[in-house]
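Trainee: Residue numbers (numbering that gives the first Met the number 0), protein chains in the order written: chain F, 0 to 241; chain V, 0 to 112. My questions all concern the structure below.
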Amino acid sequence: MNNKLKGQFVIALVCFLLGLMLVAQFRSTQKSGSALTSLQRIQELTTELKTVMDEREKLKEELAEMRKRLEEYENSAADVSRVTEAMKRELEKARIAAGLLEGTGPGIVITLNDSNLPRQPGEDPNLFLVHDEDILKVVNELFAAGAEAVSVNGQRIIATSEIRCVGPTIMVNSVRLAPPFVIQAIGNPDNLESSLKMRGGIIESLQVFGIQVSIKKQDKINMPAYTGAIKFEYFEPVKAGE
Amino acid sequence: MIIPLIGLILGILVGMLVPVDIPINYAPYVSIAVLAALDSVFGGLRALAEGHFDGNIFITGFFANALLAGFLAFLGDKLGIPIYMAAIFAFGVRIFQNLAIIRRLVLDRLFKK
Chain F
0 MNNKLKGQFV IALVCFLLGL MLVAQFRSTQ KSGSALTSLQ RIQELTTELK
50 TVMDEREKLK EELAEMRKRL EEYENSAADV SRVTEAMKRE LEKARIAAGL
100 LEGTGPGIVI TLNDSNLPRQ PGEDPNLFLV HDEDILKVVN ELFAAGAEAV
150 SVNGQRIIAT SEIRCVGPTI MVNSVRLAPP FVIQAIGNPD NLESSLKMRG
200 GIIESLQVFG IQVSIKKQDK INMPAYTGAI KFEYFEPVKA GE
Chain V
0 MIIPLIGLIL GILVGMLVPV DIPINYAPYV SIAVLAALDS VFGGLRALAE
50 GHFDGNIFIT GFFANALLAG FLAFLGDKLG IPIYMAAIFA FGVRIFQNLA
100 IIRRLVLDRL FKK
């Protein structure tokens, strides 16, 4: 009987532990809604939170750096002289060249859209879509014809701009664009138009597949500025005279 | 039979009064441990009813089962295989078996009287 009583006490001890764990588990399950869905979801959210926090940290650093730079500029702006005036003009020119300024001017607007020809069965549907290469060729042709500024669907083409196919869309300046593609170019409108329309040129080869191309000459085009971030991580300029 | 029940109620009460919080990462391990404890309790009750209860075997069994189950859950987590299913399965089957034996013994005792 003594043994049996002892056994009951031992079981009671384990029951005590069981009750403790049950309550703890119940509480943690209650807190996070359902036990089954929560675990995976929580892991996902944890990693997401971590990446976002890292990003935030990085942005904070960037902000601090920007603030410091702004302060430096303000300090240096306090003593405006002829040198800084000249530098300002130089800067303006550099910014125009870099595509960081909005602007207007005469030029042409080209609209490219996917083909609306009825497709024959067995034909490759890819032939009837506007591809990154098509846009690339048009932009290249425009620059060759003396365009001073080019934008695709509002994305200004700058020195580091990419034009690349990403799945069903086309990426320019890390922004996804979908047809119709509106390409604006500032330059001599006649030159630009004839460069595209020349025999055997880019427009002719596009129209073979029924891609809809329209070209409009305009007296005034509003050219947007490049709005993305400019970051040089690896490039270091070589100073003259060194 | 009344003493284990008191233990259980005491455990629940203490658990409610003392806020023991389990980090969400360890929740699967605790659920396995709960199952191991349940299994041990039923096994102990059965042994008690059959009259060959051994406190040492019971206690070591409880901890060994809980630890092995926890380890399996951990290993499964690392390997991406739900090995803890094995523990859940084994414990679940044993709980029902023990319950059946306990039920039979209790019924026997009731009808003999």
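Built from N, CA and C at the ideal position, the CB exists for glycine as well.
Who are the near neighbours of residue 81 of chain V in its chain, counting only those whose CB is closer than 6 angstroms to its CB and skipping five residues on each side?
Mentor: Answer for residue 81 of chain V: 75, listed in chain order.
Trainee: Which word fits residue 22 of chain F, buried or exposed, when buried means at least 16 other C-beta atoms lie within 10 angstroms of its C-beta?
Mentor: With 16 or more Cβ atoms within 10 Å of its Cβ, residue 22 of chain F is classed as buried.
Trainee: What are the boundary residues of the alpha helix (DSSP H) that includes residue 59 of chain V?
Mentor: That run of the alpha helix (DSSP H) goes 54-78.
Trainee: State the beta-bridge partners of residue 216 of chain F as determined by DSSP.
Mentor: Answer by DSSP bridge pairing, in chain order: F/107.
Trainee: Starting from the N-terminal side, write out each stretch of the beta strand (DSSP E) that is 3 residues or longer and does not extend beyond the segment 109-153 of chain F.
Mentor: With a minimum length of 3 residues, the continuous beta strand (DSSP E) runs that stay inside the segment 109-153 of chain F are 148-151.
Trainee: With three or more beta-carbon pairs closer than 8 angstroms as the criterion, would you say the segment 202-210 of chain F touches the segment 115-131 of chain F?
Mentor: Taking 8 angstroms as the limit for Cβ pairs, the verdict is that the segment 115-131 of chain F does touch the segment 202-210 of chain F.
Trainee: Is there a Cβ of chain V sitting closer than 9 angstroms to that of residue 28 of chain F, yes or no?
Mentor: It does: the Cβ of residue 28 of chain F has a partner Cβ on chain V nearer than 9 angstroms.
Trainee: Measure the CB-CB distance between residue 121 of chain F and residue 223 of chain F and report whether it falls below 9 angstroms.
Mentor: No; because the gap between Cβ atoms is not below 9 angstroms, this pair is not in contact.
Trainee: When we look at the beta-carbon of residue 155 of chain F and count the other beta-carbons within 10 Å, is it buried (16 or more) or exposed?
Mentor: It counts as buried.
Trainee: Relative to the C-alpha of residue 195 of chain F, which residue among F/215, F/64 and F/90 is closest?
Mentor: Checking every option, the nearest Cα to that of residue 195 of chain F belongs to F/215.
Trainee: With 16 other CB atoms within 10 Å as the buried threshold, where does residue 105 of chain V fall?
Mentor: Classification for residue 105 of chain V: exposed.
Trainee: For residue 21 of chain V, which of helix, strand or coil comes out of DSSP?
Mentor: Note: residue 21 of chain V maps to coil in three-state DSSP.
Trainee: Closest to residue 96 of chain V by C-alpha separation, out of V/45, V/29, V/66 and V/1, would be which residue?
Mentor: That would be V/45, whose Cα lies nearest to the Cα of residue 96 of chain V.
Trainee: Using CA coordinates, which residue listed in F/108, F/64, F/13 and F/70 is at the minimum distance from residue 62 of chain V?
Mentor: That would be F/13, whose Cα lies nearest to the Cα of residue 62 of chain V.
Trainee: Just the Cα atoms here: how many angstroms apart are residue 104 of chain F and residue 218 of chain F?
Mentor: One C-alpha to the other measures close to 7 angstroms.
Trainee: Quick one: grab the DSSP three-state call for residue 187 of chain F.
Mentor: Here residue 187 of chain F sits in coil by DSSP.
Trainee: List the residues of chain V that residue 15 of chain F touches, going by C-beta distances under 8 angstroms, in chain order.
Mentor: Residues of chain V passing the Cβ test: 6, 7, 9, 10 and 13.
Trainee: Is residue 64 of chain V buried or exposed, if buried means 16 or more other CB atoms sit within 10 Å of its CB?
Mentor: Answer is buried; the Cβ neighbour count reaches 16.
Trainee: Can you list the residues of chain V that residue 39 of chain F reaches, using a CB-CB cut of under 9 angstroms?
Mentor: In chain order: nothing, as chain V lies at least about 11 angstroms away.
Trainee: Do the segment 79-94 of chain V and the segment 32-45 of chain V meet, that is, are 3 or more Cβ pairs less than 8 angstroms apart?
Mentor: The segment 79-94 of chain V, when compared against the segment 32-45 of chain V, does touch it at the 8 angstroms Cβ threshold.
Trainee: Can residue 187 of chain F and residue 158 of chain F be called in contact, C-beta distance under 9 angstroms?
Mentor: The answer is no: Cβ separation not under 9 angstroms.
Trainee: What are the boundary residues of the alpha helix (DSSP H) that residue 40 of chain V is part of?
Mentor: Residue 40 of chain V -> alpha helix (DSSP H) spans 26-49.
Trainee: For residue 31 of chain V, count the other beta carbons within 10 Å of its own beta carbon; 16 or more makes it buried, fewer makes it exposed. Which is it?
Mentor: By the 10 Å Cβ count, residue 31 of chain V comes out buried.
Trainee: From the DSSP output, in three-state form, read off residue 109 of chain V for me.
Mentor: Three-state DSSP puts residue 109 of chain V in a helix.
Trainee: Applying the 10 Å Cβ sphere with the 16-neighbour rule, what's the burial state of residue 160 of chain F?
Mentor: Answer is buried; the Cβ neighbour count reaches 16.
Trainee: Is residue 55 of chain V buried or exposed, if buried means 16 or more other CB atoms sit within 10 Å of its CB?
Mentor: With fewer than 16 Cβ atoms within 10 Å of its Cβ, residue 55 of chain V is classed as exposed.
Trainee: State the start and end residues of the unbroken alpha helix (DSSP H) segment that holds residue 207 of chain F.
Mentor: Run containing residue 207 of chain F: 201-207, per the alpha helix (DSSP H) assignment.
Trainee: Using the Cβ count rule (16 or more neighbours within 10 Å means buried), how would you classify residue 47 of chain V?
Mentor: Under this definition residue 47 of chain V is a buried residue.
Trainee: Could you confirm whether any beta carbon from chain V is found closer than 9 angstroms to the beta carbon of residue 3 of chain F?
Mentor: Yes, because at least one Cβ of chain V sits closer than 9 angstroms to the Cβ of residue 3 of chain F.
Trainee: Could you please tell me which residues of the segment 50-76 of chain V, in chain order, have their CB closer than 7 angstroms to any CB of chain F?
Mentor: Taking 7 angstroms as the Cβ-Cβ cut-off against chain F, the residues of the segment 50-76 of chain V that qualify are 52, 54, 57, 58 and 61.
Trainee: Alpha carbon to alpha carbon, what distance is there between residue 72 of chain V and residue 101 of chain V?
Mentor: Taking the straight line joining both Cα atoms gives about 29 angstroms.
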